[in-house]
Every structure is written in structure tokens, then in C-alpha cells.
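Top to bottom, those sequences are chains A and B.
Every letter in the first sequence is one number past the one before it in my numbering, and letter 84, counting from 1, is 103.
Every letter in the second sequence is one number past the one before it in my numbering, and letter 94, counting from 1, is 125.
Where a beta carbon is used, it is the ideal one built from N, C-alpha and C, also for glycine.
Remarks on the structure that follows.
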Amino acid sequence: NSKVIQTPRYLVKGQGQKAKMRCIPEKGHPVVFWYQQNKNNEFKFLINFQNQEVLQQIDMTEKRFSAECPSNSPCSLEIQSSEAGDSALYLCASSLMGRRVFFGKGTRLTVV
Amino acid sequence: DAKTTQPDSMESTEGETVHLPCSHATISGNEYIYWYRQVPLQGPEYVTHGLQQNTTNSMAFLAIASDRKSSTLILTHVSLRDAAVYHCILRDGGNEKITFGAGTKLTIKP
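What follows is the structure, encoded as C-alpha cells:
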């Protein structure tokens with residue numbers, strides 16, 4: 020069973036507001052992923068980390084999203100100015116290098 | 032990036048055996064095939080994975096084609112609890128990239 024903890028489970032924000040969600044990866048996992056999942060169950064990769072360093076991120080993440088994984092603190096994903104199209108399930112996952120990925124239960128963001 | 036292709040939906044009946052196909056024609060040599068399942072309001076749950084050989088565990092049997100361009104997840108004696116979206120993904124351990132398809136929604140009838 021996954022031990023990746025995501026908070027909050029649900030988040031409602033108005034357009035233009037900041038939205039921040041947190042993730043505690045499974046203990047000992049150096050790799051952390053963030054994905055956005057839409058209502059069609061399609062996944063969009065956002066960013067991944069190895070320890071505190073960014074490995075890969077997409078353009079959208081660079082411009083409106085910010086993410087970090089500080090040592091001894093939860094990882095976080097923040098949307099600076101929420102848009103209606105950001106409404107989705109945000110999934111955090113962690114793993115050992117090159118091994119099975121464990122997902123959290125997600126944060127359901129609704130932008131009204 | 033290598034991609035996976037799965038049928039949008041499949042249906043079965045309790046007690047039956049289900050074969051969930053996945054096509055990954057451009058898979059590279061160092062990519063593992065992983066299967067996850069996901070129910071509403073939850074994150075994906077690991078089912079099984081393999082590289083080249085068929086694998087089996089308490090949840091499912093994974094059959095991998097000899098050319099690795101396709102795989103089939105086989106669920107035996109399915110129950111209502113097996114209803115979920117099943118995702119076939121490729122895991123490249125060399126650069127920590129994961130490629131997702133849209134998944135197959137499996138419906139189980141009583």
C-alpha cells in the first residue's frame with residue numbers, strides 16, 4: 020500500500036487565486052513526480068525531482084506553476100494564478116531510482 | 032517518447048477472466064511495462080510489472096509479447112471490486128520518465 024500522503028484532498032479556488040498542495044513522499048524515496056489528471060483520465064506530467072533537484076519539467080510548470088521538494092519538509096506544488104482549465108486531480112508519486120512508483124490519493128482542485 | 036495504446040473500455044461479468052490489451056510499439060530496450068489501476072477519487076494502485084518475461088502475482092498475470100511491442104494483463108475470476116481504470120505505462124529507469132496512456136475502463140457486471 021502506498022504511503023504517499025497528499026493534502027488537502029479537495030481544494031476550491033477562485034480564478035486568479037493561488038492554489039497550493041502538499042505531498043509527503045514515501046520515506047527513503049528520492050524521486051518525486053507531479054501529474055495532472057483530467058476528467059478523461061489522461062495524465063499530464065508536470066515535474067519531477069530527485070531529492071531536492073528538479074529533473075524534468077514542462078513549459079507550463081515553468082510559467083505558472085512552482086514546485087519544490089525541500090529537505091525535511093513536504094514537497095509542494097503551487098499554481099500562482101489559478102485558471103478554470105487547472106481544475107483537475109493533481110497526483111504526487113514517489114519511487115526509488117528506476118523502481119515501482121507509488122501514488123498518493125491526489126488533490127482534487129476545482130477553480131470556480 | 033514511447034506511448035501506449037489501450038481500448039477505452041471493456042466489460043466483463045463476475046467470475047470471468049478478462050484480457051486487457053496494451054500496445055507499445057515504440058518501446059525501448061530499457062523501458063519496463065507497468066500496470067496500475069485506479070478507482071474514482073483515488074490515486075493509481077500498482078498491479079504488476081515486467082520487462083521481458085511473463086509475470087504473475089496475487090493480483091494478475093502479465094503476458095508480454097516476445098517482441099515486447101504489446102502486453103496483456105489477465106485478471107482471473109473478476110469481482111465487482113476489480114472495476115477500475117487500468118493504466119498500462121512505460122517506466123524508463125534511466126531518466127525517471129513515465130509515459131501514461133488514457134487507460135481502459137473495466138466494467139464488471141454482477
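- Distance from the CA of His118(B) to the CA of Leu128(A), rounded to the nearest whole angstrom, comes to 22 Å.
- According to the DSSP assignment, Gln55(A) belongs to the beta strand (DSSP E) that extends over 50-56.
- Taking a contact to require three or more Cβ pairs closer than 8 Å, the segment 47-66 of chain B and the segment 58-68 of chain A do not qualify as touching.
- Under the 8 Å criterion on CB atoms, Glu61(A) is classed as interfacial with respect to chain B.
- Around Gln73(B), the beta-carbon contacts reaching into chain A at under 9 Å are Phe122, Lys124, Gly125.
- Here the C-alpha atom of Ala115(B) lies approximately 22 Å from the C-alpha atom of Tyr63(B).
- In chain order, Val78, Thr79, Leu104, Cys119 place their CB closer than 6 Å to the CB of Trp66(B), counting only its own chain and leaving out the 5 sequence neighbours on each side.
- Fewer than three beta-carbon pairs drawn from the segment 85-105 of chain B and the segment 23-42 of chain A are found closer than 8 Å, and the two stretches are therefore not classed as touching.
- In this structure, the alpha-carbon of Pro75(B) lies about 19 Å from that of Cys94(A).
- Residue pairing by DSSP places Val130(A) opposite Lys32(A) in a beta bridge.
- Restricting attention to Val109(B), Ser101(B), Gln73(B), the CA atom closest to the CA of Glu47(B) is found in Val109(B).
- Distance from the CA of Tyr109(A) to the CA of Glu61(A), rounded to the nearest whole angstrom, comes to 12 Å.
- The continuous beta strand (DSSP E) containing Gln76(A) extends over residues 72-76.
- Close partners of Ala133(B) in chain A (Cβ separation under 7 Å): Asn59, Asn60, Glu61.
- The residue from Asp123(B), Thr138(B), Ile139(B) with its alpha-carbon nearest to that of Gly81(B) is Asp123(B).
- At a cut-off of 8 Å, the C-beta of Asn70(A) has no neighbouring C-beta in chain B.
- A residue is called buried once 16 or more other Cβ atoms fall within 10 Å of its Cβ, and Asp78(A), having fewer, is exposed.
- The Cβ of Leu110(A) sits closer than 8 Å to at least one Cβ of chain B.
- The three-state secondary structure of Asp39(B), taken from DSSP, is coil.
- Between Val50(A) and Phe122(A), the beta carbon gap of about 13 Å keeps them out of contact (Cβ cut-off 8 Å).
- Using a Cβ distance threshold of 8 Å, Glu97(A) and Lys58(A) do not count as a contacting pair.
- If one requires a minimum length of 3 residues, the beta strand (DSSP E) runs lying completely within the segment 44-107 of chain B are 49-54, 62-69, 76-81, 92-95, 101-106, in chain order.
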